[in-house]
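Take a look at the structure set out below.
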Amino acid sequence: MTYLQKIGLGAWLLLGPAFPPALADAASATRPDSHAPIGVMGDHRHKTGEWMISLRHMDMLMEGNLKGTRSIDDAQVLQLPNQHGSPAQLRVVPQTMDMKMTMLGAMYAPNDDITFLAMTMHHETSMRLNTYGTMSQALLGSFTSQSEGLGDTTLGALLAGGEASLGAFTGTWHYGLALSIPTGSIQQTGRVLTPMNMQVSGKRLPYPMQLGSGTYDFKPTLTFTHGAHGDWRYGGQIAGVVRLGDNSQGYSLGDKASVQGWVSRRLAAFVSASARVEASYQDRLRGGDRAITLPVPTAQTDFTGGELANLSVGFNFVGQRGIWAGHRLALEWTSAIHQKANGVQMQHQDTLTLGYQKAW
Ligand SMILES: [Cu+2]
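Our numbering puts the first residue of the sequence shown at 143, with every later residue one more than the last.
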């Protein structure tokens, strides 16, 4: 286990018994703020016999490159050594990346203490890159690589933790135990413009363009939800992603830990507004895929992982009567406020998340 895995497991084991199981009171289903902002996963549980379906769409944009926390231009990227040896220096520089994820989820609670969840996703990713010549700094041209298809699938359960109060913060805890199953392809290929000024097709695309992790991933969460206090509500979550072994191509993406908190305010019976802050840390990728050899930062195994912090604002809507009763719509806009990349990586910009949920 890496130190990150040990810390995560330790925190989970230590915090768990501190809050004895009790029948948690699931908040009223018709309050818009009884669900966290739409970007939070596994934030709420359901009552005995309840089902829920959800559909989320995320559109994430990245633009430009960072070395550590500093923006760098193409000319600076071209001076960096290429891990794959030939050519000696990086020759292809990502410009923009657009990741669209559509997530279909279901929840079911056989009793008040456990809610099962399942989620699968579809990815549509495109990246525009510039290719420079081997002998000079001359720009040969731009190309766009794309990948699309089924992503990974998550199965898990949310378990009642109990009631807890920290001063004025009275609410309930629950734990999440989930397993991500590698249903997403990690062998996506595309056409690239090489530094020899040749269009080559069938080339294995760099790590961020692949559709899944390729590994079974353990995803524990610990979530605190503040009981409704007038029109205000707070919540927080600690989450981890632990890769269980290496994938079929000989690598595993870095383990990840994140912490986030949100506050929401009900503006009317059917709508609440929220603000959310999230900070995460991800380890470097371990191992490597021998078929991913392009002289581009996204194909360098050391140029993975780092720190990321986001600030989000959002709205939750829930229909109160008639045909709209119980139908939820939500949107959230997320902006990167801090990023510290290992090596050179694309710079996170904004993400828009839209969601629909219905329980019965
Ligand atoms: Cu639900």
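Even glycine gets a Cβ: it sits at the ideal position worked out from N, Cα and C.
Item: Completely contained beta strand (DSSP E) runs for the stretch 288–338, where each covers 3 or more residues; Value: 311–323 and 331–335
Item: Any non-hydrogen atom of ligand 1 closer than 6 angstroms to Pro-261 Cβ; Value: First, the residue type needs correcting, since residue 261 is Met and not Pro in the sequence shown. No, Cβ of Met-261 sits at least 6 angstroms from all heavy atoms of ligand 1.
Item: CB contact flag (Asp-240, Ser-268, <7 angstroms); Value: yes
Item: Met-245 beta carbon near ligand 1 (any heavy atom closer than 6 angstroms); Value: no
Item: Contact test: Met-351 Cβ vs ligand 1 heavy atom, cutoff 6 angstroms; Value: no
Item: Cβ-based burial, Val-371 [other Cβ within 10 Å; buried from 16]; Value: One point to set straight first is that residue 371 is His, not Val, in the sequence displayed. It is exposed - the Cβ of His-371 has fewer than 16 other Cβ atoms within 10 Å.
Item: Alpha helix (DSSP H) segment containing Ala-217, residue limits; Value: 216–219
Item: Check: Met-249 C-beta below 6 angstroms from any heavy atom of ligand 1; Value: yes
Item: Complete alpha helix (DSSP H) runs within the stretch 188–248 (minimum length 4 residues, chain order); Value: 216–219
Item: Span of the beta strand (DSSP E) around Thr-504; Value: The question about residue 504 has no answer here: the residues shown for the chain are numbered 143 through 502.
Item: Paired residues, beta bridge with Ile-256 - DSSP; Value: Asn-253 and Leu-301
Item: Contact set for Leu-220: own chain, Cβ-Cβ below 8 angstroms, skip 5 residues either direction; Value: Gln-231, Leu-232, Arg-233, Val-235, Tyr-274 and Gln-279
Item: Inter-residue spacing [alpha-carbon to alpha-carbon] between Ala-171 and Met-249; Value: At Ala-171, the pLDDT of 45 sits below 50, so the modelled position is not reliable and the matter cannot be decided from this model.
Item: Three-pair Cβ contact test at 8 angstroms for the stretch 324–342 versus the stretch 360–376; Value: no
Item: Cβ neighbour criterion (16 or more within 10 Å) applied to Asp-508; Value: Shown here, the chain extends from 143 to 502; a query on residue 508 therefore has no answer.
Item: Counted within 10 angstroms of its Cβ, other Cβ atoms place Met-245 as buried (16 or more) or exposed; Value: buried
Item: Helix, strand or coil at Trp-502 according to DSSP, with G and I counted as helix; Value: coil
Item: Coil, strand or helix - Ile-380 by DSSP; Value: strand
Item: Any non-hydrogen atom of ligand 1 within 6 angstroms of Met-277 CB; Value: no
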